[in-house]
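Written below as structure tokens is the structure these notes are about.
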Amino acid sequence: MRIFSTINAAASGLTAQRLRMDTISNNIANVNTTRTDEGGPYKRQVPVFAPRQDMKFNMPFPPRKLQDQVGEGVRILGIKEDNSKFRMVYEPGHPDANKEGYVAYPNVSIVKEMVDMISANRSYEANVSVISTAKGMAQKSLTIGRA
């Protein structure tokens, strides 16, 4: 893998983790939204990623193990809604309460969102580290000819 393709793969990871953080913050912001334009409570959103396979490994005869496991980056397929059950809370005076007095709140768990946020943050930091290391390697390789 060349240095620029390494940076390109890490940059795609940065983009993916940024989208993941944006989705998580949107979920947290809507944790108490009981009524949306579509009707009903807010549904938790989850980004969907897939491996990017548009780059080729530039080794004439790669070992068998590497042929299927070469990191090429990530692509964003979209954002899907989590269809898990809503949180039902007994609040008979709430305007969105049903006949029994229960209000359907979004299927967003603050704890789960915070764990996902920490994971996205660590992944983002790892991709920044990869780019920084690749940049340092490129700079060092340019100084080889000067000595």
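According to my numbering, the sequence shown is numbered sequentially starting from 3.
We treat Cβ as the ideally placed atom computed from N, Cα and C, and that holds for glycine.
Checklist entry - By Cβ distance, which residues of its chain are closer than 6 Å to Ser125, with the 5 residues on each side in sequence left out? => result Cβ-Cβ distances below 6 Å link Ser125 to Gln19 in the same chain, with the five nearest sequence neighbours on each side left out; the list follows chain order.
Item to check | Contact between the segment 36-50 and the segment 102-117 (3+ Cβ pairs under 8 Å) | outcome: Because the criterion of three Cβ pairs below 8 Å is met, the segment 36-50 and the segment 102-117 touch.
Item to check | Residue range of the unbroken alpha helix (DSSP H) whose run includes Phe6 | outcome: Phe6 -> alpha helix (DSSP H) spans 5-31.
Checklist entry - Under a three-way DSSP split, which group does Arg124 fall into? => result Arg124: helix per DSSP, three-state reduction.
Item to check | Neighbourhood of Ala151 by C-beta, 6 Å cutoff - its chain only, sequence neighbours within 5 removed | outcome: Residue 151 lies beyond the residue range present for the chain, which begins at 3 and ends at 149; the question has no answer from this structure.
Checklist entry - Just reading off the beta strand (DSSP E) that Pro97 is part of, what are its end residues? => result That residue, Pro97, is in no beta strand (DSSP E); it is neither H nor E in DSSP.
Checklist entry - Ser14 to Gly75, Cα distance in whole Å? => result Between the C-alpha atoms of Ser14 and Gly75 there is a straight-line separation of about 6 Å.
Checklist entry - Is the CB-CB distance between Phe88 and Ala99 below 8 Å? => result Taking C-beta atoms as the reference points, Phe88 and Ala99 fail to come closer than 8 Å.
Checklist entry - Going by DSSP, what residues sit across from Val48 in a beta bridge? => result Looking at the DSSP output, Val48 bridges to Lys82.
Item to check | Where Thr8 falls, given that 16 or more other Cβ within 10 Å makes a residue buried | outcome: Here Thr8 is buried. Its C-beta has 16 or more other C-beta atoms within 10 Å.
Checklist entry - Does the distance from the C-beta atom of Asn129 to that of Ala12 stay below 8 Å? => result Against a cut-off of 8 Å, the Cβ pair of Ala12 and Asn129 comes out as a contact.
Next on the checklist: Per the DSSP calculation, Pro53 is bridged to which residue(s)?
Outcome noted: Under the DSSP definition of a beta bridge, Pro53 partners with Val76.
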